[in-house]
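Residue numbers (my numbering), protein chains in the order written: chain V, 1 to 356; chain H, 1001 to 1178; chain G, 2001 to 2279. Working notes for the structure below.
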Amino acid sequence: MTEKVLMKGNEAMAESALRAGCRFFFGYPITPQTELAAYMSKRMPLIGGTYLQAESEVSAINMVYGAAAAGARVMTSSSSPGISLKSEGISYMAGSDLPGVIINVQRGGPGLGSIQPSQSDYWQATRATGHGDFQIVVYAPSTVQEMCDCVYSAFDTADKYRIPVMILADGMLGQMMEPVVLPDKIDFCDLPDKPWATTGHGHKRSHNIVNSLYLTAEELEDLNIERYKRYELIKQNEQKAEQFLTEDADIVLVAFGASARIARSAVVAARGEGIKAGLLRPITLWPFPVDAVKDTFDSAKIYLTVEMNMGQMVDDVKLAVNGKRPVEFYGRTGGVIPTPAETLEKIREINERIGE
Amino acid sequence: MSKEIQAVFAGFGGQGTLFAGKLMAYAGLIESREVSWFPSYGPEMRGGTANCSVTISDSPIGSPLVATPDVVVAMNQPSFDRFVDAVKPGGVVVADTSMVNDLGNRDDITVVGIPATKIAEEASLKGLANIVLMGRLYAAVPYCKPETIDKALAKCIPSKKVAMLEKNKQAIKLGMEA
Amino acid sequence: MIDQNKEAKIVYQRPHALLPVVTNYCPGCTHGIINRLIAEVMDELDIEGKTIGVAPVGCAVTSYAFYGCDMIEAAHGRAPAVATAVKRVHPDNVVFSYQGDGDLASIGMCETIHAAARGEKNTVIFINNAIYGMTGGQMAPTSLPNQVTQTSPYGRDVLKAGYPIRVCELLSSLDGVAYLERVCADSPKNVRKAKKAIKKAIQTQMEGKGYSLVEIVATCPTNWGMTPQESFEWMRENMLPSYPLGVYKEVVAEGYENAAAAAQARAVCCPIAQSKNAE
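And the structure:
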């Protein structure tokens, strides 16, 4: 077995990207993701890659757009306010079918908000990463190991479907250290061909155009419909979730990322008190793991989402449950991390209610 | 419930509290246990207190943020005051009495005070008060095998700094005997 | 009568790098001329196969479809950032962006200045016609004082709307810049000069000397509300005094190997700037 090392989430994501063949990184400093950019600035020059500190997040994402158009594996990272600025470029990437990886190490919002961990960009990531009809794939890792694994596969997913992929992390996951086994370095020969990329045609093919402008409405409609067919494929193939003690659970907690760690502790404590609680942990937020939610219908009497926001993912759980069961929400916001104890208290309260 | 130890290391920025936490985390890693290390970050680090939470466990760790520690290593008065009330009954606080004058009045926990800064300086180990405290912590709460501490030090200190490694080992020893 | 037996000699034809497509430019607009000049330069330097162009948002927004080389359509103002990354990925290719005054000097000024400051080895073709053309004639960052536009209907009031920006002058202070020239395309002579400048800018890039930009003072007959001839006259009368033609920076002519060497010389009194990285 490969050796386990202790790494910060931010650094582990950076190293994983390098191992996935990312050689272009465009960043801009913002807490709490800065270690990721710093790691890239240290490593890239040593391995023949490019680290460039852009003049703004807007510029950084447009550099990602350019590098992706040029056929490279490329990544950028930021935290919530910076992601808002990147939303323009993400929309253009989606409209031009460009693959790329965007990391959001979330902090509290809105506005400048706080620098403490938060999950309040769930809607932004899954609904509105920019203007227009589009989706991006969103992974929500919950451990440093999973951050590593998600980043690694994000590049493949992005290339496979020609789609931007976001890792929705947060300040807790980015800053914490945990043991991690780093993935193997990819063989560059295994990278997929990108015949659509703007690389200079050398008079060997007709000219390639990377573009999101269509002045004929019907043409754009056709393209959007084609893209949504691809999204259906992604929904079929890429949903990921983890079930923990849900087989017989009356109360199914649904939580992702950092809050899933807390929810898991609360579930373990609840089981210790004889309460049949379980945890469904979405690993992909888009596509949302609706199939995994359906798997819990047999036992679940009620769902409880635990989030570090004012209640965002709860909407997706309600859509998946589709009125068959009640769905409740418990969360803390502004950068406050819920404790297992207060989550357990909520489980107890629900358990008493449904026992009546 | 599984065996789990939750610790907080706190002091001024520059006193090496994050490093001390990392040392404990590595000890857990070396013994193949579940480990998490989580620092305070952002403006709080500038001139204020720097602290980190460390958990070593035999089952997956929930929140890496330690709210109710089993042990606290406090390197200044504000840190001691901030965390002493959160310590679980039966828990241990190791404080550097060169920096902490008031050791509080909780009688349901063990408070161990040693003048770590003074001990380090007298042994020509300036800047290693944090490691002296780690030695004392281990004497009070042996959270890993004794030989693991040396291995963890070797992990945390770059291999080219051999002299530094020896000084750290000496600091651990002084702390254990203090 | 044309003598059919005489051997035909081609004296003028479409450049290979310009595709046989209908452009969307208004009659009398100089965009078409400049597009053609860029294509001619690509042909003459034989670089169509290794060139990647970046189109702007503005009247040239669909110009990605006009050139034979690979093309990317950028978001409004972001062409310098896009071009930066393309060149970083393919340093041996030729990368140019084509931008208007709104794109380059308003929404994209930040990207423009920083690409120039970084000395990106890219070429910018900057069309300055003192107005937003595609959206129908609004005030631009380069609109002249008292110039009437749709959004300065009483004339540009400099006390409220500020003063026009002289891009060549502004960028000339930046160390990453190797070559800056302002030209226009109102006469055969000036068209030839414009082409020469474009060619020199591309060559500056190919020789790795630093950032290069050619500003072309242009017209907008449609939105200025003039005939093409009147608009050239107006341009000569009003724009050229504000935007004098000429070379604004040419580090090689100043005796330096490239922009980096010129920057090094300028920073001679600053010890830290004399690093090993600067050539």
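Backbone N, C-alpha and C define an ideal beta-carbon position, used for all residues, glycine too. Keep in mind that this is a model prediction, so the values were computed, not measured.
- Residues T1055, I1056, S1057, D1070, V1071, V1141, Y1143 of the same chain have their beta carbon placed closer than 8 angstroms to that of I1005/H, with the five preceding and five following residues left out of the count.
- At least one beta carbon of chain V lies nearer than 7 angstroms to the beta carbon of Y1041/H.
- For T333/V, the nearest beta carbon of chain H is not closer than 7 angstroms to its own beta carbon.
- For a cut-off of 8 angstroms, the C-beta gap from E55/V to K86/V is around 14 angstroms, too long to register as a contact.
- Residues are counted here when their Cβ sits less than 8 angstroms from a Cβ of chain H; for the region 157-185 of chain V these are G171, M172, Q175, M176, M177, E178, P179, given in chain order.
- A check of alpha carbon separations from T198/V across C2069/G, L2045/G, V2057/G, R2014/G identifies C2069/G as the nearest.
- The Cβ of C2029/G sits no closer than 7 angstroms to any Cβ of chain V.
- When secondary structure is reduced to three states using DSSP, G100/V falls in the strand class.
- Neighbours of M2071/G in chain V, taken as residues at a C-beta separation under 8 angstroms, are given in chain order as T198, H207, N208, I209, V210, N211.
- For I2107/G against A2218/G, the beta-carbon gap comes to about 19 angstroms, at or over 8 angstroms, which does not count as contact.
- Contact note: S56/V reaches chain G through C2110, using a C-beta cutoff of 7 angstroms and chain order.
- Residue range 1129-1140 is occupied by the alpha helix (DSSP H) that includes A1129/H.
- Less than 7 angstroms divides the Cβ of T2123/G from the Cβ of S2212/G.
- According to the DSSP assignment, I2107/G belongs to no alpha helix (DSSP H), since it is labelled neither H nor E.
- For the region 39-69 of chain V, residues whose beta-carbon sits nearer than 9 angstroms to a beta-carbon of chain G comprise T50, L52, A54, E55, S56, V58, S59, A60, I61, N62, M63, V64, Y65, G66, A67, A68, A69.
- As for any beta strand (DSSP E) of minimum length 3 sitting wholly inside the region 2187-2272 of chain G, the runs are 2211-2217, 2246-2250, ordered along the chain.
- Taking 7 angstroms as the CB threshold, T339/V lines the interface with chain H.
- Among the residues of the region 2079-2106 of chain G, those with a Cβ less than 7 angstroms away from any Cβ of chain V are A2081, V2082, A2083, T2084, A2085, V2086, R2088, V2089, H2090, N2093, in the order of the chain.
- In the structure shown, the three-state DSSP call for F2096/G is strand.
- Shown here for C2220/G: same chain residues with a beta carbon closer than 6 angstroms to its own, the five before and five after excluded, namely N2129, I2131, G2133 in chain order.
- Residue contact with chain V for A1025/H: present (Cβ-Cβ distance below 7 angstroms to some residue of chain V).
- Annotated three-state conformation of T2151/G is coil, per DSSP.
- Positions of the alpha helix (DSSP H) runs, each at least 4 residues long and wholly inside the region 1069-1112 of chain H, are given as 1077-1083 in order along the chain.
- Ranking I47/V, R107/V, I225/V by CA distance to the CA of G171/V puts R107/V first.
- Secondary structure within the region 280-314 of chain V: the alpha helix (DSSP H) runs of 4 or more consecutive residues, fully enclosed, are 290-295 (chain order).
- A Cβ-Cβ separation of about 5 angstroms places R2156/G in contact with Q2147/G under the 8 angstroms criterion.
- Within chain G, the residues whose beta carbon sits less than 7 angstroms from that of Y92/V are A2075, listed in sequence order.
- Look at H131/V: its C-beta is not under 7 angstroms from any C-beta on chain G.
- Taking 7 angstroms as the cut-off, the beta carbon of W286/V is found no closer than this to the beta carbon of V101/V.
- Taking C-alpha positions only, A263/V is separated from L253/V by approximately 7 angstroms.
- The closest CA to that of S2097/G, considering only N2190/G, Y2012/G, A2081/G, is found on A2081/G.
- Looking at I30/V, S265/V, M176/V, the one whose alpha-carbon comes closest to that of S114/V is I30/V.
- With fewer than 16 neighbouring CB atoms inside 10 Å of its own CB, F297/V falls in the exposed class.
- A1120/H has its alpha-carbon roughly 57 angstroms from the corresponding atom of E2257/G.
- Residues of the region 282-311 of chain V with a C-beta atom less than 7 angstroms from some C-beta of chain H do not occur.
- In the DSSP assignment, S1053/H falls outside any alpha helix (DSSP H) and lies within the beta strand (DSSP E) extending over 1049-1057.
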